[in-house]
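Going down the list, the protein sequences come from chains A and B.
Under the numbering used here, the first residue of the first sequence carries the number 587, and numbering increases by one thereafter.
Under the numbering used here, the first residue of the second sequence carries the number 27, and numbering increases by one thereafter.
C-beta: ideal position from N, C-alpha, C; glycine also.
These figures come from a predicted structure and were not determined experimentally.
Notes follow the structure.
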Amino acid sequence: MTNLDKLNKIFCEVFSVEESALNSEFNNCKVEGWDSVHQLSLTSSVEDEFDIMLDAEDILEFTSYDNAKKVLAKYEVEL
Amino acid sequence: MFLDLDKKPKDKVAAIDDSGRSITYGEICDFAQEFAKQLPQRSLIFILSENCIGSLLGYTAALSNRIVPLVISAATEEGLYNHLYELYQPEYLWMPQAKAEGKDIVFSAWDYCLVKTGKQPTPMYDELSLLLPTSGSTGSPKLVRHCYRNIEANADNVRRLFKLDGTEKAMAILPMHYTMGLSLIASHLLAGSTLLLSGRSLLDKGFWATLKEATSFTGVPYSYEILTKMRFTRMDLPNLKVITQGGGRLTEAMWNTLAQYAQDKGKQFIATYGQSECTARMAYLPAELATEKICSIGIAEPGGQLSIVDDNGNETFEGEAQGEMVYRGENVTLGYATCREDLLKGDENHGVMHTGDLARRDADGCYFIIGRLKRFLKIFGLRIGLDEVERMIKEEYKTDCYSKGNDEKLIVLVTDPKLQDVLPEYIEDKTHLFHQKVEVQVVDAILRNEAGKVINQ
Chain A
587 MTNLDKLNKI FCEVFSVEES ALNSEFNNCK VEGWDSVHQL SLTSSVEDEF
637 DIMLDAEDIL EFTSYDNAKK VLAKYEVEL
Chain B
27 MFLDLDKKPK DKVAAIDDSG RSITYGEICD FAQEFAKQLP QRSLIFILSE
77 NCIGSLLGYT AALSNRIVPL VISAATEEGL YNHLYELYQP EYLWMPQAKA
127 EGKDIVFSAW DYCLVKTGKQ PTPMYDELSL LLPTSGSTGS PKLVRHCYRN
177 IEANADNVRR LFKLDGTEKA MAILPMHYTM GLSLIASHLL AGSTLLLSGR
227 SLLDKGFWAT LKEATSFTGV PYSYEILTKM RFTRMDLPNL KVITQGGGRL
277 TEAMWNTLAQ YAQDKGKQFI ATYGQSECTA RMAYLPAELA TEKICSIGIA
327 EPGGQLSIVD DNGNETFEGE AQGEMVYRGE NVTLGYATCR EDLLKGDENH
377 GVMHTGDLAR RDADGCYFII GRLKRFLKIF GLRIGLDEVE RMIKEEYKTD
427 CYSKGNDEKL IVLVTDPKLQ DVLPEYIEDK THLFHQKVEV QVVDAILRNE
477 AGKVINQ
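Right, here's the structure in full:
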């Protein structure tokens with residue numbers, strides 16, 4: 587499984603959506619029910635999956651699918 | 027006037043919300059007068075609440091004018107909302123403008139509007155002041171009935187407990203439709219403080235900017251999980267004086283983190299306990315005992331009294347004891363309503379509440395919750411009624427089921443394997459409980475004994 591597959595799987599599980607729903611529109615304004623519980627579940631899963639420790643400000647940045655990719659790039663996770 | 031709002035300095039800011047706008051005590055009073063012209067006293071109104079000034083004004087204006095609100099989340103799932111609407115038939119709605127398209131709007135202000143429904147008035151008990159759902163989430167039609175004195179008494183008890191005055195700026199992130207959210211609002215308005223009303227996620231940058239201004243933060247256990255994850259204990263928050271918690275039990279590890287933080291940084295950590303049946307707050311642990319009485323709910327709040335009834339039915343007020351905890355005070359609500367006719371009912375509790383919680387009292391008089399007699403869970407501060415979860419599933423899927431769990435997870439037993447995947451999402455849709463906190467177990471049969479009690483737990 588590629589890193590992108592892993593990231594997609596995390597998003598799909600947290601939000602109960604199909605992979606096809608993940609696009610540049612997938613963010614905390616457009617996705618109903620995107621609250622702190624979902625966001626923290628995302629960041630915790632990402633930390634476990636990629637064995638990284640996110641800084642507090644990067645957890646705050648995890649507000650969209652695109653941003654998630656940008657944050658991961660900072661931690662040298664190649665997607 | 028409600029909470030003596032007219033006796034506060036007129037130009038003092040009462041609340042600031044996420045839009046950056048603010049409102050003064052004088053404006054709250056003026057608004058209440060304007061609101062009174064729009065609808066008669068003793069009307070039943072649904073407030074579809076968000077943590078913003080428009081929503082707050084509906085609440086203060088209704089309570090100031092003997093208009094009786096049911097406060098529910100503006101995000102209440104449609105099916106549950108319709109159920110409440112048909113059952114109680116409110117004459118008016120106070121709701122976000124954005125959701126009121128096509129409705130009969132008679133008045134609007136602050137992005138909220140008053141909608142006339144065409145429903146007929148209903149007779150109500152003269153002292154009935156406010157209705158709140160028992161579990162904000164499972165959409166139970168069971169409501170808690172408050173009288174005017176309940177709200178005033180709770181606000182004053184909490185004001186005294188925290189020694190609130192006009193200098194406070196309280197971070198108000200708990201939802202308004204949640205009993206502790208409303209209690210925070212009422213107690214700070216009574217004290218003439220400023221509310222920092224926010225509907226933002228705790229993982230929103232705006233929240234953290236606002237927190238820097240706040241003198242107190244009130245949260246549920248999950249709020250503190252987020253705060254610690256964000257390493258707030260290392261942040262510079264010079265204005266913050268008090269961190270306080272209610273809405274369920276903290277883990278011992280989290281408790282120690284907060285108590286230590288408070289000690290190191292010269293702040294106060296005050297854990298509290300309460301129920302919606304008692305207008306939110308009932309007990310608190312004085313800050314100076316935080317490092318000594320780990321995970322204790324402390325003592326009765328000012329104006330209240332706690333006792334324990336043991337297995338033999340003996341009630342005691344001091345000394346070591348274990349049994350059901352009982353509370354007495356003017357904040358004990360009138361009782362429940364499950365239908366419109368119940369709004370006529372008077373006081374059924376007479377100031378005494380059997381909490382349904384099992385507690386231990388130590389020799390110093392501090393109480394510790396050790397179990398629960400009633401069938402509900404508290405996850406993320408959401409109260410999840412197990413009977414209501416079962417009722418919803420039975421209605422939707424026409425199947426037998428049983429639910430149980432702890433404050434970490436809801437567990438549902440079913441016999442149909444097809445439900446394994448769909449139930450977590452169904453429950454999240456209905457109750458807003460995060461689906462990963464729902465575990466579905468498929469069993470061969472749900473076994474009951476002759477009394478109907480489920481035995482394969």
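Gln-67/B is a Cβ neighbour of Arg-92/B, given a cutoff of 8 Å.
For Lys-34/B, the closest of Asp-43/B, Ser-45/B and Ile-54/B by C-alpha to C-alpha distance is Ile-54/B. Residue pairing by DSSP places Pro-122/B opposite Tyr-138/B in a beta bridge. Across the region 226-260 of chain B, CB contacts with chain A closer than 8 Å involve Ser-227, Leu-228, Leu-229, Asp-230, Lys-231, Trp-234, Tyr-248, Glu-251, Ile-252, Lys-255, Met-256 and Arg-257, in sequence order along the chain. Along the length of the region 388-414 of chain B, whole beta strand (DSSP E) runs at least 3 residues long occupy 393-398, 402-405 and 408-411, reported in chain order. For Met-587/A, the three-state secondary structure derived from DSSP is coil.
Bridge partners of Cys-427/B according to DSSP: Val-440/B. When the alpha-carbon of Asp-262/B is set against those of Asp-290/B, Pro-247/B and Glu-278/B, the nearest one is in Asp-290/B. In the DSSP assignment, the residues bridged to Thr-244/B are Thr-270/B. Distance between Glu-303/B and Val-358/B, taken at the CA atoms: about 6 Å. Taking 8 Å as the CB threshold, Leu-658/A stays off the interface with chain B. Within a 10 Å sphere around the beta-carbon of Cys-615/A sit fewer than 16 other beta-carbons, which makes this residue exposed. Residue environment for Gln-59/B: exposed (fewer than 16 other C-beta atoms within 10 angstroms of its C-beta). Contact note: Val-623/A reaches chain B through Tyr-248, Phe-406 and Phe-460, using a C-beta cutoff of 8 Å and chain order.
Residues of the region 628-654 of chain A with a C-beta atom less than 7 Å from some C-beta of chain B are Ala-642, Ile-645 and Leu-646, listed in chain order. The residues Leu-70, Thr-143, Lys-145, Gln-146, Thr-148 and Arg-366, in chain order, have a CB closer than 8 Å to that of Gln-115/B in the same chain once the five nearest residues on each side in sequence are set aside. Sixteen is the threshold: when 16 or more other Cβ atoms of the shown chains lie within 10 Å of the Cβ of Gln-301/B, as they do, the residue is buried. Each of Glu-314/B, Leu-408/B and Arg-307/B was checked against the Cα of Ala-326/B, and the nearest Cα belongs to Arg-307/B.
Note: Asp-383/B is bridge-paired with Arg-398/B in the DSSP secondary-structure output. For Cys-55/B, there is no enclosing beta strand (DSSP E); the enclosing alpha helix (DSSP H) covers residues 51-62. Each of Ser-224/B, Ile-252/B and Ala-198/B was checked against the Cα of Ser-213/B, and the nearest Cα belongs to Ala-198/B. Residue contact with chain A for Glu-117/B: absent (no Cβ-Cβ distance below 8 Å to any residue of chain A). With a threshold of 8 Å between beta carbons, Leu-608/A makes no contact with chain B. Pairing Arg-171/B with Leu-157/B gives a Cβ-Cβ distance under 8 Å. In the structure shown, Thr-283/B adopts helical secondary structure according to DSSP, grouped into three states. By the CB criterion at 8 Å, Val-464/B and Tyr-428/B fall outside the cutoff. Beyond the five residues adjoining it in sequence on each side, Ser-166/B comes within less than 7 Å, by CB distance, of Pro-159, Thr-160, Gly-411 and Glu-414 in the same chain, given in chain order. Taking 8 Å as the cut-off, the Cβ atoms of Ala-217/B and Glu-194/B count as close. With fewer than three CB-CB distances shorter than 8 Å, the region 265-278 of chain B does not count as touching the region 420-427 of chain B.
Comparing alpha-carbon positions, the option among Gly-431/B, Asp-388/B and Gly-391/B lying closest to Lys-400/B turns out to be Gly-431/B. In summary, the residues of the region 432-454 of chain B whose CB is separated from some CB of chain A by less than 9 Å are Pro-450, Glu-451 and Glu-454, in the order they occur in the chain.
One Cα belongs to Glu-664/A, the other to Asn-613/A, and the distance between them is close to 21 Å. Between Leu-222/B and Ala-240/B, the C-beta gap is smaller than 8 Å, which places the two residues in contact.
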